[in-house]
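Here's the structure, in C-alpha cells; my notes come after.
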Amino acid sequence: MTRPRLLDLFAGAGGAAVGYRQAGFEVVGVDIKPQPNYPFEFHEADAMTFDLDGFDVIHASPPCQAYSPSTPNASAHPDLYEPMRERLVAHGVPYVIENVPGAPFRSGALLCGSAFGLKVRRHRNFESSLWLASSGCFHAQQGAALGIYGNGGAGLFHRPSGGGGQKAHRKDFAKLMGMPWATPAEIVEAIPPAYTAFIGQQMLAALA
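Just so it is clear: in the sequence shown, position 116 is 179 by the working numbering, and no numbers are missing.
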C-alpha cells in the first residue's frame, strides 16, 4: 500500500519526521542546514522557496526564537511563522505548523508530553488547515517534569513554556524524547515523535 507523502520543512534532526512515519506517512525533510542524522530522504534547501508540489500534507516547524519568552532579544530573530502560513495557504495542500506557545497560532491543537507518558512537557501548538484534537495536560500524574535545553547537567530550571522542573542530563535526552538516533544538541531543538504520531493519525483520518 502506498503511503501518503508528507513534506517536513525546517526538519532538524527528524523528531517530527519519525512520528509522522510511525503514523503512516512517507516523509521527505528539508532544512537550510545539513542534518546528517535525519532518518529519511533529506534535501538541504531553503524551506521558504522549496518546491511544495507532489505532497499530500506539509508540516513546517519555523524557528521559534522570535516567540519564546526564554530567548534573549527575541525581536532580533527572524519571524517566519506568518510568511510560511501565507505560503502554505496559497499552495492549498493540508498543512500543519508547529511552534511554541506565544507564536501567532490561530487554531489547531496544543500538545503536552504529560499526555504521552513522557517526563518532558514541552508544550507545542500545532496549527492546521484541518481540525485537530489537543492532547490535554496531565501534569499532576506526570509529577516533576524534566527540562531538555542547553547542555544538560544538574540544577533546577524553569521556563514558562512548560518544560520546567529539574534540568535533565545530556545522557538522558535520547530516552526522554524518544530520539535514539539524534545527538543531545539536535534533541534540544526537536519535538518528541509521539507528538506527530498523534497529529499524523488525525491527518490520515482526515485525508481518508
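In this text, a Cβ means the ideal position worked out from N, Cα and C, and glycines have one as well.
Alpha-carbon spacing of residue i relative to residue j, whole angstroms
{"i": "Pro67", "j": "Arg84", "result": "10 angstroms"}
{"i": "Gly176", "j": "Asp114", "result": "33 angstroms"}
{"i": "Leu219", "j": "Gly206", "result": "Low per-residue confidence applies at Leu219: pLDDT is 38, beneath 50, and the placement is therefore not dependable, though the value from the model is reported in the following sentence. Between Leu219 and Gly206, the C-alpha separation is close to 15 angstroms."}
{"i": "Arg148", "j": "Ser170", "result": "12 angstroms"}
{"i": "Gly216", "j": "Arg233", "result": "Low confidence applies here, because Gly216 scores a pLDDT of 44, under 50, leaving its location unreliable and the question unanswered by this model."}
{"i": "Asn214", "j": "Glu145", "result": "Because Asn214 sits at a pLDDT of 48, beneath the cut-off of 50, its placement in the model cannot be relied upon, and the following sentence gives the value as read from the coordinates. Roughly 30 angstroms between the two C-alpha positions."}
{"i": "Gly180", "j": "Phe261", "result": "13 angstroms"}
{"i": "Thr108", "j": "Gly155", "result": "It is Ala, not Thr, that sits at residue 108 in the sequence shown. Straight-line Cα distance between these residues: approximately 21 angstroms."}
{"i": "Phe201", "j": "Phe189", "result": "18 angstroms"}
{"i": "Ala153", "j": "Thr259", "result": "23 angstroms"}
{"i": "Glu252", "j": "Leu143", "result": "16 angstroms"}
{"i": "Pro141", "j": "Leu69", "result": "25 angstroms"}
{"i": "Pro157", "j": "Ala172", "result": "15 angstroms"}
Residues sharing a beta bridge with residue i, DSSP
{"i": "Lys230", "result": "Gly210"}
{"i": "Tyr158", "result": "Ile121"}
{"i": "Gly75", "result": "According to DSSP, which records beta bridges pairwise, Gly75 is partnered with nothing at all."}
{"i": "Asn100", "result": "Paired residue(s): none; Asn100 is not in a bridge."}
{"i": "Leu69", "result": "Val90 and Val120"}
Cβ-Cβ distance between residue i and residue j below 8 angstroms
{"i": "Tyr101", "j": "Ala80", "result": "yes"}
{"i": "Val93", "j": "Asp119", "result": "no"}
Residue from the options with nearest C-alpha to residue i
{"i": "Ala123", "options": "Gln98, Val91 and Phe103", "result": "Val91"}
{"i": "Gln264", "options": "His232, Asp109 and Val159", "result": "Val159"}
{"i": "Ile95", "options": "Lys182, Pro157, Ala257 and Ala110", "result": "Ala110"}
{"i": "Ile250", "options": "Thr259, Met240 and Tyr258", "result": "Met240"}
{"i": "Pro255", "options": "Leu267, Val152 and Lys238", "result": "Lys238"}
{"i": "Pro164", "options": "Pro126, Arg150, Gln229 and Ala271", "result": "Pro126"}
{"i": "Phe73", "options": "Arg187, Ile121, Arg185 and Gly82", "result": "Ile121"}
{"i": "Gly75", "options": "Leu267, Met266, Trp244 and Ala271", "result": "Trp244"}
Whole-number beta carbon distance between residue j and residue i, since they are thought to touch under 8 angstroms
{"i": "Ala269", "j": "Leu174", "result": "Not quite, the Cβ-Cβ distance comes to about 17 angstroms (not below 8 angstroms), so this is no contact."}
{"i": "Ala231", "j": "Gly210", "result": "6 angstroms"}
{"i": "Phe105", "j": "Gln98", "result": "6 angstroms"}
{"i": "Phe103", "j": "Gly82", "result": "About 12 angstroms; that fails the 8 angstroms criterion."}
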